[in-house]
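2 protein chains.
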Amino acid sequence: MNPQLTDLKHRLMQIYDLNGANALLNWDQTTYMPRGGAAARGRQTALLGRLAHEWFTDPAIGKLLETLRPYEESLPYDHDDASLIRVTRRDYERAVRIPPDFVAKLNTHLTETFELWLKARPSNDFSQVRAGLEKTVDLSREMANFFPGRAHLADALIEYADYGMTSASVRQLFAQLREQLVPLVKTITAQPPADDSCLLKFYPEDAQLAFGLDVIQQLGYDFERGRQDKTFHPFMTKFSLGDVRITTRVKDHDLREALFSTIHEAGHAMYELGINAGYEGTPLANGTSAGVHESQSRLWENVVGRSRGFWEHFYPHLQATFREQLGEVSLDTFYGAINKVERSLIRTDADEVTYNLHIMVRFDFELSLLEGSLAVRDLPEAWHERYESDLGIAPRDDKDGVLQDTHWFSGVVGGAFQGYTLGNVMSAQFYEAALRQHPTIPTEITHGQFGTLHGWLKTNIYQHGSKFTAAEVVERATGEPLNIAPYLRYLKTKYGALYALS
Amino acid sequence: MNPQLTDLKHRLMQIYDLNGANALLNWDQTTYMPRGGAAARGRQTALLGRLAHEWFTDPAIGKLLETLRPYEESLPYDHDDASLIRVTRRDYERAVRIPPDFVAKLNTHLTETFELWLKARPSNDFSQVRAGLEKTVDLSREMANFFPGRAHLADALIEYADYGMTSASVRQLFAQLREQLVPLVKTITAQPPADDSCLLKFYPEDAQLAFGLDVIQQLGYDFERGRQDKTFHPFMTKFSLGDVRITTRVKDHDLREALFSTIHEAGHAMYELGINAGYEGTPLANGTSAGVHESQSRLWENVVGRSRGFWEHFYPHLQATFREQLGEVSLDTFYGAINKVERSLIRTDADEVTYNLHIMVRFDFELSLLEGSLAVRDLPEAWHERYESDLGIAPRDDKDGVLQDTHWFSGVVGGAFQGYTLGNVMSAQFYEAALRQHPTIPTEITHGQFGTLHGWLKTNIYQHGSKFTAAEVVERATGEPLNIAPYLRYLKTKYGALYALS
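Residue numbers (the numbering used here), protein chains in the order written: chain A, 1 to 502; chain B, 1001 to 1502.
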C-alpha cells in the first residue's frame, strides 16, 4: 500500500480510537456513573477531546493529504482510497480553521450553560440561561466567521451537520413543505382526535423493555455488536463498528415512550452497524449527515414502526405481553392511537404530521438569532407567538417552550435542527425507492420479515458510511434529487386513510 | 505555589485522568461490552496505556523532580508536597528503566497468553499455555534485570506490588507462619467438618445482590461515589476518588459467593474512597501496596464479615430475606458454615486457615521459576506434589491445579501472590490495634455500628493513600513492625472456639 496512505490511516485510527474511548466516557456518564464521578469525568472527556483535536489538526496530516492528491486524482471518485482522502481533507480543512483556544473556550462555556439549563428547565426560568445563551449566539457567530464566503452565517454551521445544504436550500425546501403541511394539519385536527387511552394504562417497565428488545432484534439490530441501556435522554453512540449502543427511557404510563425511542435509536444504530467494515478507523466509518442519519431512525420508527402492516405482525405479541391492558383493544384502535395527530407543545412527543412544524420554528429562529434580527431576550415571547400562529397552541411557560430542547444549551446555535426534517423527507423517498425495487416489502413486513428492506438500506445507504454526501446518497439510492413529493404522498395516503380525508 | 510543583501536578493529573479513562474501558469490557467491541477495545486500551507511559517517562518530569529536590528536602518527611515528590520520583525512576518497546512486547504477549488461558482452563489443557508461560517467565526475568543489584530476581517484581518487601523478608515471614499453620490445619481437619449445607440451597440472585448491597452500605461504602455490577471475576476499580466501583458474581446455589466477594471488594473500595481528596490526580491517590490493600478487603470480609458479632446483627435480616432457606437454621450453624475449614484445591474458595498455604505454594513456585530451578513443563507435576504434601489433597487435573488463577497468564511471574498473605497478616494486626484504641468496636459491630472501625481505618490507613510505605503504615497504625503474632492469635482464638481446640 501507498506509504503515505498507511501513515494517514495509522494516524486516523488513533484519533478514531481516542474518540471511541471518549464516547464510552460519555455513555457511562449518562447510564451508570455515580454522581461523585462528575468532576473527573469532565476532565477526562476534555482531555481526550483536546488530544483528538490536536492530533487531527497536526500539520503532518495536511502534508500527507497534499502528497496524496495525485494518487487520489488517479482514482475514480467512488474508489475507497479516493473517498477516504477526499472526506478526510474536507474534515481536516474544517478542523484547522478553528483555533484550539476557541474550541476550549466554547466547550467550557457550553458545559457551564448546560449545567444552568439542567436547573433552569425544571424551575421554568429562562432568565437563568439568558446570558449563557446570548454568549452562545456570539460564539456561534464567531465560529461561523472562521468560514468566510458563505451567503449566510448559518451556512457553515449547517454544513457541519448536513454537508451540502445551505440556509437557502433548507429554507426553500421547508417553505414548500410548510405550504402543504399547514392545511393538512388543519384538516386533520378539525376532526375528532383519535382515542389513545389504551396507551396510557400501567405498563410494567421490564415487560416494556423486553418487548422493545425483541422488536429491534427482529428488525436486525445485532446484539453481538450492541446493547440497550436506560438514560434520561435516549441516544445512539458508537465506540467502534463492532460496538454501537443505544439507550432508551421508559414511562410506565405511556407505552409509546420506550417502544418508539427504542426503534428510533435502533434505526440510527443499524445505519452505523451496516457501514463497510473496511472503513473502520477512518472518517468514512460514520453516517454521512444528520439528515441521512435521521432518515434511518425515522424510517424504522415511523414509516415501518407506525405502519399498520408492522402491527399486523407485532400486535398479537404485544397483546399477549399486555393481555390485561390490550386484550380487548382492536388493532385498528391501537393503530389509530399510535398515530394520533394533535397540536402539541413538545417536539419529541409530536406526531408525524405536526413534527416538522416544530422544526421549522427552531430553524427560523436559529437564522434570526445569528442574523441579530431576533434578540435572545425576545426569544420566549417570539416562541409563544410563533407556536400560536403555526401550531395553534401556545406554551404557558418556558419549560414547555424555549427551554424544552437541550440543543442550544449544549451546542452552538445554527445547524442543530434542520436534519430532523430533512430526515423525515428522505425517509419516505428512500422507502418509496426500496418498494419500487422490492414491491413485496410491505407484505413481508406484515409477516415480520424485515430482511429485504434492511438489505436494501444496507446496500444503498448504510455500507457507504460517509463516502458519499447526503445529496449523492439520495440520488444514487432513489434516482432523483431530494424532494418532498414522496413524503407528502406518504403522509396523505397514511393519514388520509386514518382520518378519512377526501 | 511553587511553579515547578504546579507544572508537575498538572502533568500528573493528565496521566491520572488518562489512566482513569483506561480503567473505565476495562470495566466496561468485563461488565457490559458486547463481544463485537473486543478488537477496538484492545486498541483503545493499548493506546491510552502507551500514552500514559510516554507522558510519565517524559524527561521533563525527571527534570522537574530534580529541580524540586531542595524544596522536598526543606520539608518534613510526611509533608504532602514532600511525599508527592518522593513517591512520584520512586515511580518515575522505576518507569524510566523499562524501555517502551519492552512494555509493548510484554503487553502484546500477555494479551495473547490470556486469550490462550481463557480456552486452556475450561479444556483442562496446560499444553495450550505452556509455551506462552515459558515466554512470560523469560520476559519476567528480562523485566527484573532492568533493576540490577537486587539479591533475587523476584525482588524487583515484588517491589512493584509490595514496596519494601523482598523475597528474603517474605520467605522468612512465610516460614514462621507455615510452621504454625500446618499443625493448626492438621488439628482442625482431624475433627468432623462443619455442616455448610444451609449455604448450598437455592438463593435467588436478585435477593442475594440486594442483601449484599445493603450490607456494604451499612459498612460505609458510599454509593454516591461507587456502584456494583456483575462480572465473571469480581474486582475493584477506580476512575477517580469520586468514582470507585466494585463488581461481584452470584452463584444461585452458594450463598457465600456473592456475599463475601461483595464485602471483600467493598473493603478495597472503601480504602480508595477514604484517601485524602487533596491527593486526587497524583500518585498519592492510590492504596500503598498490594498487602495493605488486601488487608482492607480481608479485614472487612473475614475479621469483620465472618465474625459472630457481625452476624448477630445481620443474621435476622438474612433470615427474613431467605426465610425458607434459613428460617430454621440457627445462628451457630450458620456461623460454623461460613467458617468451615477444609483442605481444598481452589485458592479463591479456601477458608481463612488454609488460604495462606495456597499462597505459599504459588510464591515459592514464582521464585523457582525465575531462578530456573523449576521448569514450566514440570510445573503441573510440581503443583500436584506440593498440594499433596502441603494441603493433603491433590488436583486431579490442571483446571483445578496450575490453571486456576489468572495471574501468571495475564501478568508477569513474580510478585503476584505474596500480597494476599501479607494482607491477611496485616488485617489482624490492624484490627488488634483498632481494638486497643476502641475496645467497644466488637460490641458496636453486634449492633450494626461500623463507624468507629471505619473511622479508625480512615484515619490510620485510608487517608494516607501512598504517602507512607506499607511498613510505615503498619508501624504508625499499630506501633510495631509487621508481625504474625496478632494473626495467629486471631486464628487460634476464633477457630479454637469454633472447633473446641485445647
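Using N, Cα and C, we set each Cβ at its ideal position, and we do this for glycine too.
*Nearest to B/Q1180 by alpha carbon, out of B/D1390, B/I1445, B/E1115?*
For the options B/D1390, B/I1445, B/E1115, the alpha carbon positioned closest to that of B/Q1180 is the one of B/D1390.
*Is the region 1165–1176 of chain B close to the region 1341–1348 of chain B, with three or more CB pairs under 8 Å?*
Flag = no, the region 1165–1176 of chain B and the region 1341–1348 of chain B do not touch.
*Touch check for the region 1431–1441 of chain B and the region 1453–1461 of chain B: three-plus C-beta pairs under 8 Å?*
Verdict: yes, contact present.
*Could you tell me which of B/T1493, B/Y1499, B/G1291, B/H1317 sits nearest to B/A1416, measuring between CA atoms?*
The shortest C-alpha to C-alpha distance from B/A1416 to any of B/T1493, B/Y1499, B/G1291, B/H1317 is the one to B/G1291.
*Rank A/R245, A/D28, A/N339, A/R323 by C-alpha distance to the C-alpha of A/T189 and give the top, closest one.*
For A/T189, the nearest C-alpha among the options comes from A/N339.
*CB contact flag (A/W311, A/Y335, <8 Å)*: Between A/W311 and A/Y335, the C-beta spacing is below 8 Å.
*Can you tell me the Cα-Cα spacing of A/A207 and A/T321, whole angstroms?*
Approximately 7 Å between the Cα atoms of the pair.
*Determine the closest residue to B/R1362 out of B/L1331, B/G1372, B/Y1420, B/R1043, with distance taken between C-alpha atoms.*
Among B/L1331, B/G1372, B/Y1420, B/R1043, the Cα nearest to that of B/R1362 belongs to B/Y1420.
*Just tell me which of A/I98, A/D214, A/M426, A/Y279 has its CA closest to the CA of A/E472.*
Measuring from the Cα of A/E472, the nearest candidate turns out to be A/M426.
*For A/P439, does the count of other Cβ atoms within 10 angstroms reach 16, so buried, or fall short, so exposed?*
By the neighbour-count definition (other C-beta atoms within 10 Å, threshold 16), A/P439 is an exposed residue.
*B/F950 versus B/T1030, B/E1385, B/H1447, B/E1381, residue with shortest Cα-Cα distance*: Nothing in the structure corresponds to residue 950 of chain B, since chain B is present only between 1001 and 1502.
*To which residues does DSSP link A/V244 through a beta bridge?*
Note: A/V244 sits in a beta bridge opposite A/K238.
*Taking C-beta pairs closer than 9 Å, name the residues in chain B that A/A521 reaches, listed in chain order.*
Here chain A has residues from 1 to 502 only, and residue 521 of chain A is not among them.
*Between the Cα of B/D1229 and the Cα atoms of B/F1468, B/S1240, B/A1210, which residue gives the shortest distance?*
For the residues B/F1468, B/S1240, B/A1210, the minimum Cα distance to B/D1229 belongs to B/A1210.
*Residue range of the alpha helix (DSSP H) that B/D1080 falls in?*
Counting along the chain, the alpha helix (DSSP H) containing B/D1080 begins and ends at 1080–1095.
*Any Cβ of chain B within less than 8 Å of the Cβ of A/D28?*
Cβ-Cβ to chain B under 8 Å: yes for A/D28.
_For a minimum of 4 consecutive residues, which ranges assigned as the alpha helix (DSSP H) are wholly contained in the region 5–49 of chain A?_
Runs of the alpha helix (DSSP H) spanning 4 or more residues and lying entirely within the region 5–49 of chain A do not occur at all.
*asked:* Looking at B/L1177: is its Cβ nearer than 8 Å to the Cβ of B/N1302?
replied: Against a cut-off of 8 Å, the Cβ pair of B/N1302 and B/L1177 comes out as no contact.
*A/D351: buried (16+ other C-beta within 10 angstroms of its C-beta) or exposed?*
When all chains shown are included, A/D351 counts as buried.
*Below 9 Å between beta carbons is the criterion; list the residues of the region 1204–1225 of chain B that meet it against any residue of chain A, in chain order.*
Correct list: D1222, F1223, E1224, R1225.
*B/A1161, buried or exposed, once every other Cβ within 10 Å from all chains shown has been counted against 16*: Around the beta-carbon of B/A1161, 16 or more other beta-carbon atoms lie within 10 Å, marking it buried.
*Taking only beta carbons into account, state which residues of the region 1360–1382 of chain B come closer than 9 Å to chain A, listed in chain order.*
For the region 1360–1382 of chain B, the set of residues with a beta-carbon nearer than 9 Å to any beta-carbon of chain A is empty.
*What residue does the alpha helix (DSSP H) around A/K492 start on, and which one ends it?*
Under the DSSP assignment, A/K492 falls in the alpha helix (DSSP H) whose first and last residues are 485–498.
*Determine the contact status of A/Q463 and A/I275, defining contact as a CB-CB distance below 8 Å.*
Yes; because the gap between Cβ atoms is below 8 Å, this pair is in contact.
*Test item: CB-CB of B/G1036 and A/R227 under 8 Å*: It is not a contact, given that the beta carbons lie outside the stated cut-off.
*In this structure, what does DSSP give as the bridge partners for B/Q1228?*
DSSP, once it has assigned bridges, lists B/I1246 as partnering B/Q1228.
*Determine which residues share a DSSP beta bridge with B/K1186 and list them.*
Answer is none; B/K1186 lacks a bridge partner.
*According to the neighbour-count rule (16 or more other Cβ atoms, all chains shown, within 10 Å of its Cβ), is A/Y77 buried or exposed?*
A/Y77 is exposed by the Cβ-count criterion.
*Between the beta-carbon of A/V87 and the beta-carbon of A/V376, is there less than 8 Å?*
Not in contact: A/V87 and A/V376 (Cβ atoms no closer than 8 Å).
*Which residues share a DSSP beta bridge with A/D254?*
DSSP, once it has assigned bridges, lists A/K251 as partnering A/D254.
*Would you list, in sequence order, the uninterrupted alpha helix (DSSP H) runs of no fewer than 4 residues that lie entirely inside the region 123–197 of chain A?*
Runs found: 127–145, 153–161, 167–189.
*What is the rounded straight-line gap between the Cα of B/A1477 and the Cα of A/R97?*
Straight-line Cα distance between these residues: approximately 58 Å.
*Counting only the same chain and skipping the five closest in sequence on each side, list residues whose C-beta sits under 8 Å from that of A/R249.*
Only K230, T231, F232, H233, P234, E257, A258, S261 meet the Cβ criterion.
_Helix, strand or coil at B/M1001 according to DSSP, with G and I counted as helix_ = The answer is coil: DSSP assigns B/M1001 none of H, G, I, E or B.
*asked:* Just checking: is the beta-carbon of B/G1401 within a distance shorter than 8 Å of some beta-carbon in chain A?
replied: No, no contact with chain A.
_Counting only beta-carbon separations shorter than 8 Å, does B/G1020 have a partner in chain A?_
So yes, B/G1020 belongs to the interface.
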